[in-house]
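Participant: This is the structure I want to talk about, given as structure tokens.
In the UniProt record's numbering, the protein residues as written are 1 to 166.
Given below as structure tokens:
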């Protein structure tokens with residue numbers, strides 16, 4: 001077998017491993033972005049622990065088939081970049097969606113969220129979710145509300161008893 005085919009097989013397996021290991025993946029069309037804009041996007045993604053790569057579509061399609069994610073293949077046409085996140089499900093969608101709002105040339109094509117192919121709408125909906133810290137603070141305020149209300153009611157009863165006694 002030729003060396004080129006061996007190299008491509010290795011690349012396909014590498015991409016398939018990334019598809020399998022990633023918590024979320026976002027596929028974008030980056031046509032029309034300047035080098036400076038792409039560099040800025042890469043920097044933002046890198047800071048969030050997201051890998052942003054450009055692969056040949058044929059290699060990406062074969063890797064998707066190997067990973068059992070054939071549904072993404074219809075979106076792997078034209079110039080694509082793929083953002084892989086292994087830990088944070090929301091990070092790539094949120095960063096890319098915010099960047100796309102400021103730079104109309106960046107187009108979100110599709111994504112994979114925890115092993116399921118997601119449409120553009122799904123990726124944008126994921127991007128609009130609050131951060132993990134925001135969700136935890138919402139949960140904490142919901143959990144504190146009954147205790148706070150009980151304390152206020154107890155204080156009101158105590159104040160009322162005090163007024164009656166005075």
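Every residue gets a Cβ at the ideal spot worked out from N, C-alpha and C, and that includes glycine. Quick caveat, the model's predicted, so the values are computed rather than measured.
Counting C-beta neighbours from all protein chains within 10 Å, is the total for residue 46 16 or more, i.e. buried, or is it exposed?
Facilitator: By the 10 Å Cβ count, residue 46 comes out exposed.
Participant: Please determine, among 74, 25 and 139, the residue with the shortest C-alpha to C-alpha distance to residue 123.
Facilitator: 25
Participant: Which word fits residue 96, buried or exposed, when buried means at least 16 other C-beta atoms lie within 10 angstroms of its C-beta?
Facilitator: Label assigned to residue 96: buried.
Participant: Can you name the residues that DSSP bridges to residue 29?
Facilitator: 80 and 107
Participant: Compare the beta carbon distance of residue 61 and residue 76 with 7 Å and say whether it is the shorter of the two.
Facilitator: yes
Participant: Quick one: what's residue 12 bridged to in DSSP?
Facilitator: According to DSSP, which records beta bridges pairwise, residue 12 is partnered with nothing at all.
Participant: With respect to the alpha helix (DSSP H) encompassing residue 51, which residues constitute its N-terminal and C-terminal limits?
Facilitator: Unbroken run through residue 51 is the beta strand (DSSP E), 50 to 53; no alpha helix (DSSP H).
Participant: Taking the alpha helix (DSSP H) that residue 34 belongs to, which residues open and close that run?
Facilitator: Looking at the DSSP string, residue 34 is not in any alpha helix (DSSP H), and its letter there is neither H nor E.
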